[in-house]
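A.B. asks: Residue numbers (full-length UniProt numbering): 1 to 415. Structure below; questions to follow.
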């Protein structure tokens, strides 16, 4: 997007691509469908950027999700809205989105050099002068957009190369860490894989710190795995888990899951009483399996210290309340997250105090601009990270082109 914006502004642009093709990470986003952006508008999107979202106010005032939608729809990519405002191509194929970008790059006559990793940035008199390729070839340019990504999903080419290049010119890097990543639990029921594969839809989870104080409440779908928890809800919680543990050490955190958040405790208790009256011989196990997945129902019964075969007529009111408490506060201890290589998004990156928030130009070296995940900005899943990538790319590319025009008659920008 940075290259397109710079070319649209009239600059002569070359993309130096480390891999043998563009868009590897884009193609795996959204489960291969590419969640292009979110339909709920700027304020909603910024609220879903826990990693320094405020920094992006100026960026979004220049090019926002509305412009992203317009960009793709005017280029033949029809979008559809799904839950929570997520926008996908109607084809359900990320390739559709990438093809539109590639066509626009061709239309704007952007040169692309594949298998061309960059080793460093050329600097003359305090300003960018170009880049140095791994072959030691020096490529002259009056502006450079560094959009090398973070450290997540390294097989796509995101291996943190840009951090070192920026550090060589006076930038500092907030230590990268995983976010939008699955949670690890050492609980016995997880380690014994008793709940592996169970998926819960639209649940609510309360994360408590080591002192029992609330950290955050999130909602979404959750998946039990052989190592812990995954799914959209776990990925949303991971930011709070990682940042909390970075601050206070690897202290385990309590996660209390409301399995059926739309049903109140009082409604559940009335339901149990009604069932006891109507079906006194029904076992606790059979009743619970009508409410929950079988294996989860068995764990709840076990945690309550009840015999699965216990008839409802023998169920004490106190035991019914205990069952409801476990349904509304099913506890899983969170001990860690998976690492950067398994994370969807990288937290940390180029320190934002060293970047102009309006133009995304470096404050350390004129003519160097940043876009995307290389910055110390990260969002939740749901189209928000791709939105950040597109918006910062467009803004950085536009300002890079303007900078190149202002500083020399030669109109060269490398992205």
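For glycine and all other residues, C-beta sits at the position ideal for the given N, C-alpha and C.
Considering only DSSP beta bridges, list what residue 333 is partnered with.
C.D. replies: Per DSSP, 254.
A.B. asks: Tell me the DSSP bridge mates of residue 283?
C.D. replies: Note: residue 283 sits in a beta bridge opposite 311.
A.B. asks: Given residue 84, which residues of its chain have a CB within under 7 Å of its CB, disregarding the five upstream and five downstream residues?
C.D. replies: The residues are 382.
A.B. asks: Does the Cβ-Cβ distance between residue 376 and residue 174 come in under 8 Å?
C.D. replies: For residue 376 and residue 174, yes; Cβs fall inside 8 Å.
A.B. asks: The alpha helix (DSSP H) spanning residue 261 covers which residue range?
C.D. replies: Taken as a continuous stretch (DSSP letters only), residue 261 belongs to no alpha helix (DSSP H), as it is neither H nor E.
A.B. asks: Beta-carbon within less than 8 Å of residue 184's beta-carbon, same chain only, minus the 5 sequence neighbours each way: which residues are those?
C.D. replies: Hits under 8 Å: 227, 228, 334, 335, 336, 337, 338.
A.B. asks: Report the three-state DSSP secondary structure of residue 110 (helix, strand or coil).
C.D. replies: Residue 110 falls in the coil class under three-state DSSP.
A.B. asks: Suppose you measure from the CA of residue 257 to the CA of residue 116; what does that come to, to the nearest Å?
C.D. replies: Roughly 48 Å separates the two Cα atoms.
A.B. asks: Measuring straight from C-alpha to C-alpha, what distance separates residue 385 and residue 70?
C.D. replies: Rounded to whole angstroms, residue 385 to residue 70 spans 18 Å at the Cα level.
A.B. asks: Could you check the C-alpha separation between residue 21 and residue 114 for me, to the nearest Å?
C.D. replies: If I take the Cα positions, the gap works out to 6 Å.
A.B. asks: Which residue comes first and which comes last in the beta strand (DSSP E) that contains residue 5?
C.D. replies: Here residue 5 belongs to no beta strand (DSSP E); instead the alpha helix (DSSP H) covers 2 to 8.
A.B. asks: In terms of DSSP beta bridges, what is residue 403 paired with?
C.D. replies: Answer is none; residue 403 lacks a bridge partner.
A.B. asks: Is the Cβ-Cβ distance between residue 285 and residue 261 less than 8 Å?
C.D. replies: Against a cut-off of 8 Å, the Cβ pair of residue 261 and residue 285 comes out as no contact.
A.B. asks: For residue 378, which residues does DSSP report across the bridge?
C.D. replies: Paired residues: 51.
A.B. asks: Are the CB atoms of residue 35 and residue 72 nearer to each other than 8 Å?
C.D. replies: Result no, Cβ atoms of residue 35 and residue 72 do not sit closer than 8 Å.
A.B. asks: Tell me, to the nearest whole angstrom, how far the beta carbon of residue 476 is from that of residue 200; I am working on the premise that it is less than 8 Å.
C.D. replies: The requested residue 476 is not part of the displayed model; the chain covers only 1 to 415.
A.B. asks: Nearest by alpha-carbon distance to residue 437: which of 142, 45, 162, 166 is it?
C.D. replies: Nothing about residue 437 can be read from this structure; the chain reaches only from 1 to 415.
A.B. asks: Are the Cβ atoms of residue 311 and residue 282 separated by less than 8 Å?
C.D. replies: Closer than 8 Å, so yes.
A.B. asks: I want to check one thing, is the minimum distance from the CB of residue 247 to the heavy atoms of the ligand PLP below 7 Å?
C.D. replies: For the structure depicted, the ligand PLP is absent and the ligand set is empty, with no information on it obtainable.
A.B. asks: Between which residues of its own chain and residue 329 is the CB-CB distance below 6 Å, once the five residues before and five after are set aside?
C.D. replies: Taken in chain order, the residues that qualify are 256.
A.B. asks: Between residue 276 and residue 204, what straight-line distance do the alpha-carbon atoms span, to the nearest angstrom?
C.D. replies: Rounded to whole angstroms, residue 276 to residue 204 spans 28 Å at the Cα level.
A.B. asks: Applying the criterion that 16 or more other CB atoms from any shown protein chain within 10 Å of the CB defines a buried residue, is residue 188 buried or exposed?
C.D. replies: Answer is exposed; the Cβ neighbour count stays below 16.
A.B. asks: How many whole angstroms separate the CB atoms of residue 138 and residue 126, which I take to be in contact at a CB cut-off of 8 Å?
C.D. replies: So it is not a contact: roughly 18 Å between Cβ atoms.
A.B. asks: Taking residue 240 as the reference, give the member of 152, 180, 269, 169 with the closest Cα.
C.D. replies: Out of 152, 180, 269, 169, 180 has the C-alpha closest to the C-alpha of residue 240.
A.B. asks: If you count every other CB in all the chains shown that lies within 10 Å of the CB of residue 410, and 16 or more means buried, which is it?
C.D. replies: Low confidence applies to residue 410: its pLDDT is 46, below 50, so where it sits in the model is not reliable, and the reading given next is rough at best. So residue 410 counts as exposed.
A.B. asks: Using only the alpha-carbon positions, how far apart do residue 48 and residue 218 sit?
C.D. replies: Going by the C-alpha atoms only, they are around 11 Å apart.
A.B. asks: Under the rule that 16 or more other beta-carbon atoms within 10 Å means buried, what is residue 399, buried or exposed?
C.D. replies: Looking at its Cβ environment, which holds 16 or more other Cβ atoms inside 10 Å, residue 399 is buried.
A.B. asks: In terms of alpha-carbon separation, which member of 146, 154, 178, 177 lies closest to residue 167?
C.D. replies: Of 146, 154, 178, 177, the residue nearest in Cα terms is 146.
A.B. asks: Whole angstroms is fine: what's the gap from residue 299's alpha carbon to residue 324's?
C.D. replies: Rounded to the nearest angstrom, the two C-alpha atoms are 13 Å apart.
A.B. asks: Evaluate residue 6 with the Cβ neighbour count: other Cβ atoms within 10 Å of its Cβ, from every protein chain shown; 16 or more gives buried, anything less gives exposed.
C.D. replies: That one is buried.
A.B. asks: Taking Cβ to Cβ, would you say residue 53 is nearer than 8 Å to residue 373?
C.D. replies: No, Cβ-Cβ distance for residue 53 and residue 373 is not below 8 Å.
A.B. asks: What does DSSP give as the partner residues of residue 38 in its beta bridges?
C.D. replies: Answer is 86.
A.B. asks: For a test of the three-state rule: what should DSSP assign to residue 77, helix, strand or coil?
C.D. replies: In the structure shown, residue 77 sits in coil (DSSP, three-state: anything other than H, G, I, E or B).
A.B. asks: Does residue 51 come within less than 8 Å of chain D when only Cβ atoms are used?
C.D. replies: No chain D is present in this structure, which holds just one protein chain.
A.B. asks: Give me whichever residues DSSP pairs with residue 24 in a beta bridge.
C.D. replies: Bridge partners of residue 24: none, in fact.
A.B. asks: Can you list, in chain order, the residues of its chain with a C-beta nearer than 6 Å to that of residue 358? Leave out the 5 residues immediately preceding and following it.
C.D. replies: So the list reads 58, once near-sequence residues are dropped.
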